[in-house]
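K.L.:
2 protein chains.
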Amino acid sequence: MQYQNPILTVDIVILTLQDGRLRVALMPRHEEPFAGLAMLPGGYVHGDSSAGKVDKSTTHAALRILKQKLGFAPSHLEQVYTESGPTRDPRGWSASVVYLALHEFAVVDALVQAGKASLHDVHPQPSLPALAFDHKLLIQSALARLKAKATYSTIVAHLLPPVFRLTDLRQAYELVCGTTENKANFRRKMLAANALVATELLTGGVGRPAEGYRLREDLVTIEGLISGC
Amino acid sequence: MQYQNPILTVDIVILTLQDGRLRVALMPRHEEPFAGLAMLPGGYVHGDSSAGKVDKSTTHAALRILKQKLGFAPSHLEQVYTESGPTRDPRGWSASVVYLALHEFAVVDALVQAGKASLHDVHPQPSLPALAFDHKLLIQSALARLKAKATYSTIVAHLLPPVFRLTDLRQAYELVCGTTENKANFRRKMLAANALVATELLTGGVGRPAEGYRLREDLVTIEGLISGC
Chain A
886 MQYQNPILTV DIVILTLQDG RLRVALMPRH EEPFAGLAML PGGYVHGDSS AGKVDKSTTH
946 AALRILKQKL GFAPSHLEQV YTESGPTRDP RGWSASVVYL ALHEFAVVDA LVQAGKASLH
1006 DVHPQPSLPA LAFDHKLLIQ SALARLKAKA TYSTIVAHLL PPVFRLTDLR QAYELVCGTT
1066 ENKANFRRKM LAANALVATE LLTGGVGRPA EGYRLREDLV TIEGLISGC
Chain B
886 MQYQNPILTV DIVILTLQDG RLRVALMPRH EEPFAGLAML PGGYVHGDSS AGKVDKSTTH
946 AALRILKQKL GFAPSHLEQV YTESGPTRDP RGWSASVVYL ALHEFAVVDA LVQAGKASLH
1006 DVHPQPSLPA LAFDHKLLIQ SALARLKAKA TYSTIVAHLL PPVFRLTDLR QAYELVCGTT
1066 ENKANFRRKM LAANALVATE LLTGGVGRPA EGYRLREDLV TIEGLISGC
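These protein sequence lines map, in sequence, to chains A and B. Just add 885 to the spot in the first sequence (first one is 1) and you have our numbering. Just add 885 to the spot in the second sequence (first one is 1) and you have our numbering.
#1: Using a beta-carbon distance cut-off of less than 9 Å, what residues from the stretch 1050–1076 of chain A approach chain E?
#2: Please identify the residue among G970/B, F1049/B, D904/B whose C-alpha is closest to the C-alpha of L1005/B.
#3: Report yes or no: is there a C-beta of chain A within less than 8 Å of the C-beta of D1006/B?
#4: Taking only beta-carbon atoms, is Q1025/A less than 8 Å away from chain B?
#5: Got a sec, what are the start and stop residues for the alpha helix (DSSP H) T1052/A sits in?
#6: Give the secondary structure of V939/B by DSSP, where H, G and I count as helix, E and B as strand, and everything else as coil.
#7: To the nearest whole angstrom, what separates the beta carbons of Y1037/A and T1088/A, a pair I think is in contact under 8 Å?
#8: Could you tell me which chain B residues have their CB closer than 9 Å to the CB of L1104/A, listed as they occur along the chain?
#9: Report the option in A995/A, Y888/A, K952/A whose CA atom is closest to the CA atom of K938/B.
#10: Is the stretch 1094–1102 of chain A touching the stretch 1041–1059 of chain A in the sense that three or more CB pairs, one from each, lie closer than 8 Å?
#11: Less than 8 Å between the CB atoms is what I'm expecting for A1015/B and A923/B, so what's the real figure, rounded?
#12: Measure the Cβ-Cβ separation of L907/B and H1020/B and say whether it is below 8 Å.
#13: Considering only the alpha carbon of each residue, which of S960/B, G1000/B, L893/B lies closest to S942/B?
#14: Kindly say whether I892/B, judged by its beta-carbon, lies nearer than 8 Å to any beta-carbon of chain A.
#15: Counting only runs of 4+ residues fully inside the stretch 1017–1045 of chain B, write out the alpha helix (DSSP H) ranges in chain order.
#16: Where does I1111/B fall in DSSP's three states?
#17: Enumerated in chain order, which unbroken segments of the alpha helix (DSSP H) with a length of 4 residues or greater are wholly contained in the stretch 908–980 of chain B?
#18: List the DSSP bridge partners of A986/A.
#19: Report the residues of the stretch 921–950 of chain B with a CB closer than 9 Å to any CB of chain A, ordered along the chain.
#20: To be precise: take each residue of the stretch 1027–1047 of chain B, compare its Cβ to all Cβ atoms of chain A, and keep it if any distance is under 7 Å. Which residues remain?
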């Protein structure tokens, strides 16, 4: 019997922020195994041309699948880890490279309105439907990564629109980390790190117009940003 | 043409500490591709029984390979990330799950004395031979993980013997991080975290006998342990 390579897939945990709730995007699964359950967007890595264009890496596979299945390119995408084993997929021994994708609500909501995805609370109490494969575990792992990186980086800003208020950013960190941050301290640390660029006055919402900021780059490290996340 | 799954391997970056130098263990590669070069210990994940006993996960594959090829079980093993692409292995599209393994010098040195492995400096100036595949990149990624985790965890202790002096531990952190730590501060943070267990007085070496410590568990998180690693 010739040796068969294991199955290699990617699965993407898309998180966004809706009205002070952290939510994950799921898709309906139509095919076996697990037909009728909800699933993370994901699929096979294309390692040979019989499946179509060959992926340059698992990260490119994740971007291709998000584009093909959802028509969507996330504001931030990073590899979390690889889950694997003989029983997680009834079709055979499989490894899935798990990705964390973050994006503002309006764009993810458009996918929901188009019937392509549904949004579910993950925090503080998860309210998830029955999930295919070990996707519940994959969501938990992606959440742990988001929390870990929130303590020392600007990652949380990718849950907001490209231009945001410092207040919105602080509240997003508080939500992800389950902490209460001192307003002045948070502002000072964020501005001292030179992580943000002031853009325009934001009007709308309650209160006076406020300074709008955008990220200077994808991720900036800020040591000791949040304690106890 | 039937779709072929990509190649799935694991590669393990074994690091240890020898006379104040951080060193990586390499093996000679005898087979093509890259015969004659040095390589990280690694191999195929066994996803079906034609190759032998089926691995329970990529982590179990890494442990199996370390045992089979080196007769060795590391003090600490963790998954770093998965490197992948169409050209990194001339045999086909491949993904390798990269692991970081840490162990005390005496045991790794026994592998060297037995002719199974060789040790090479990685820090501060790498002195590596010509390496098979993209193993130089994999070593860099594992080093980056070690440094990142050194800032907030007891991971560095796994480079030392099971029982060590606080001075040895501090010097190991200084070496990994390229910093100079205040002796009293380091001691205070390490003991306050309840990460260590006092064991016995250690004699030998220079100076008076010193308190010996061992890790209470594999990894303990200590916020703000090292700054600027």
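For every residue, glycine included, the Cβ atom is placed at its ideal position computed from N, Cα and C.
P.N.:
Straight from the coordinates:
#1: No chain E is part of this structure, whose protein chains are labelled A and B.
#2: Position 120 of the second sequence, counted from the start, is the residue given in the question as residue 1005/B. Leu is not the amino acid found at residue 1005/B; the sequence shown has His there. Comparing Cα-Cα distances from H1005/B to each of G970/B, F1049/B, D904/B, the minimum goes to D904/B.
#3: Mapped onto the second sequence, residue 1006/B falls at position 121. False, the Cβ-Cβ gap to chain A never drops below 8 Å.
#4: In the first sequence, the residue the question calls residue 1025/A occupies position 140. Not one chain B Cβ lies under 8 Å of Q1025/A.
#5: The residue you call residue 1052/A lines up with position 167 of the first sequence. Residue range 1051–1062 is occupied by the alpha helix (DSSP H) that includes T1052/A.
#6: Within the second sequence, residue 939/B is the residue found at index 54, counting from 1. Collapsing the DSSP output to three states places V939/B in coil.
#7: If you number the first sequence from 1, residue 1037/A lands on position 152. If you number the first sequence from 1, residue 1088/A lands on position 203. That belief does not hold up - the Cβ atoms of Y1037/A and T1088/A are roughly 32 Å apart, past 8 Å.
#8: Taking the first residue of the first sequence as position 1, residue 1104/A is located at position 219. Within chain B, no C-beta atom comes less than 9 Å from the C-beta of L1104/A; the nearest is roughly 13 Å away.
#9: Start at 1 with the first residue of the second sequence, and residue 938/B comes out as number 53. Distance check between K938/B and each of A995/A, Y888/A, K952/A places Y888/A closest, using alpha-carbon atoms only.
#10: Yes, since at least three Cβ pairs between the stretch 1041–1059 of chain A and the stretch 1094–1102 of chain A fall closer than 8 Å, the two stretches touch.
#11: Within the second sequence, the letter at position 130 stands for residue 1015/B. Within the second sequence, the letter at position 38 stands for residue 923/B. Yes, they are in contact, since the Cβ atoms of A1015/B and A923/B sit about 7 Å apart, within 8 Å.
#12: Here residue 907/B corresponds to residue number 22 of the second sequence, with the count starting at 1. Here residue 1020/B corresponds to residue number 135 of the second sequence, with the count starting at 1. For L907/B and H1020/B, no; Cβs fall outside 8 Å.
#13: Position 57 of the second sequence, counting from 1, holds the residue named residue 942/B. The closest CA to that of S942/B, considering only S960/B, G1000/B, L893/B, is found on L893/B.
#14: As a position in the second sequence, residue 892/B is number 7, starting the count at 1. Cβ-Cβ to chain A under 8 Å: yes for I892/B.
#15: Runs of the alpha helix (DSSP H) inside the stretch 1017–1045 of chain B: 1020–1035.
#16: Residue numbering aside, residue 1111/B sits at position 226 when the second sequence is read from its first letter. Coil.
#17: Runs of the alpha helix (DSSP H) inside the stretch 908–980 of chain B: 943–955.
#18: One-based indexing of the first sequence puts residue 986/A at position 101. According to DSSP, which records beta bridges pairwise, A986/A is partnered with I899/A, L962/A.
#19: Per Cβ criterion, the list reads Y929, V930, H931, G932, D933, S934, S935, A936, V939, D940, K941, S942, T943, T944, H945, A946.
#20: In summary, no residue of the stretch 1027–1047 of chain B has a CB separated from any CB of chain A by less than 7 Å.
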